[in-house]
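>
Right under this line is the structure:
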């Protein structure tokens, strides 16, 4: 959208209108904007997208000392919630049918002879992807929190580790 203004000498100047996040109209000078556009940045070579389970395994390898306590606490919360729901008589079958789960799996939950523990275990197993997401999110949050507090150091990059090992190897060879 542009606003036209006629100068006193008969020259017509177009002033582009700019919208801000407050929805005010601001007039900007046509000379204030750069005429040349910046080329887009080159695409960054990123590693392939990892599945939820692969990210879990990777984080377990790198931050096992944080992930394990977070996983244990969240798993206890999940199982306790499912056990309480089973004990209170929550009917899980309509939920499973709504998400179009296989009938062979739903059949186990239709069986009324299952105890509370078995129902809770079944729901716990079905919630595995959600449990892993919560564990990864909780672990990421915990790592950031502990790093900010200075309680853990961030993992150095692979290149930093290689350089450190190379320096130590050189130092050992020089001492012989």
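Residue numbers (the numbering used here): 2 to 177. Quick reminder that beta carbons are idealized off the backbone N, C-alpha and C, glycines included. These numbers come from a predicted model, not from an experiment.
1) Just to confirm, is the Cβ distance from residue 136 to residue 72 under 8 Å?
2) Among 102, 104, 143 and 108, which one has its Cα closest to the Cα of residue 74?
3) Can we say the segment 101-116 touches the segment 153-163, given the rule of at least three CB pairs closer than 8 Å?
4) Within a Cβ cutoff of 8 Å, which residues of the same chain sit near residue 67, ignoring the five residues on either side of it in sequence?
5) Answer yes if the segment 120-128 comes into contact with the segment 49-59, meaning at least three C-beta pairs across the two stretches below 8 Å, and no otherwise.
6) Quick one: Cα of residue 94 to Cα of residue 138, how far?
7) Output the distance between the C-alpha atoms of residue 70 and residue 76, rounded to the nearest integer angstrom.
8) In the DSSP assignment, find the unbroken alpha helix (DSSP H) run with residue 175 in it and report its ends.
9) What is the DSSP secondary structure of residue 128, reduced to helix, strand or coil?
10) Can you tell me the Cβ-Cβ gap for residue 117 and residue 88, rounded? I've got them flagged as a contact below 8 Å.
11) Inspect the beta-carbon positions of residue 119 and residue 79 and report whether they are closer than 8 Å.
12) Quick check: what's the CA-CA separation for residue 171 versus residue 63?
13) Compute the Euclidean distance between the alpha carbons of residue 83 and residue 59, then round it to the nearest angstrom.
14) According to DSSP, is residue 120 helix, strand or coil?
15) Within the continuous alpha helix (DSSP H) that includes residue 69, where are the two ends?
So, to answer that:
1) A contact, by the Cβ cut-off of 8 Å.
2) 143 is the residue among 102, 104, 143 and 108 whose C-alpha sits nearest the C-alpha of residue 74.
3) No, the segment 101-116 is not in contact with the segment 153-163.
4) Take residue 67, set aside five residues on each side of it, and the residues of its chain with a beta-carbon closer than 8 Å to its own are 140, 143, 144, 147 and 153, in chain order.
5) Short answer: they don't touch.
6) Near 29 Å, if we compare the C-alpha coordinates of residue 138 and residue 94.
7) One C-alpha to the other measures close to 10 Å.
8) Counting along the chain, the alpha helix (DSSP H) containing residue 175 begins and ends at 159-176.
9) The three-state secondary structure of residue 128, taken from DSSP, is coil.
10) For a cut-off of 8 Å, the C-beta gap from residue 117 to residue 88 is around 5 Å, short enough to register as a contact.
11) No, they are not a contact pair.
12) Between residue 171 and residue 63, the C-alpha separation is close to 27 Å.
13) Each residue's Cα considered, the two are about 28 Å apart.
14) Look at residue 120 here: in three-state DSSP terms it is helix.
15) Start and end: 53-88.
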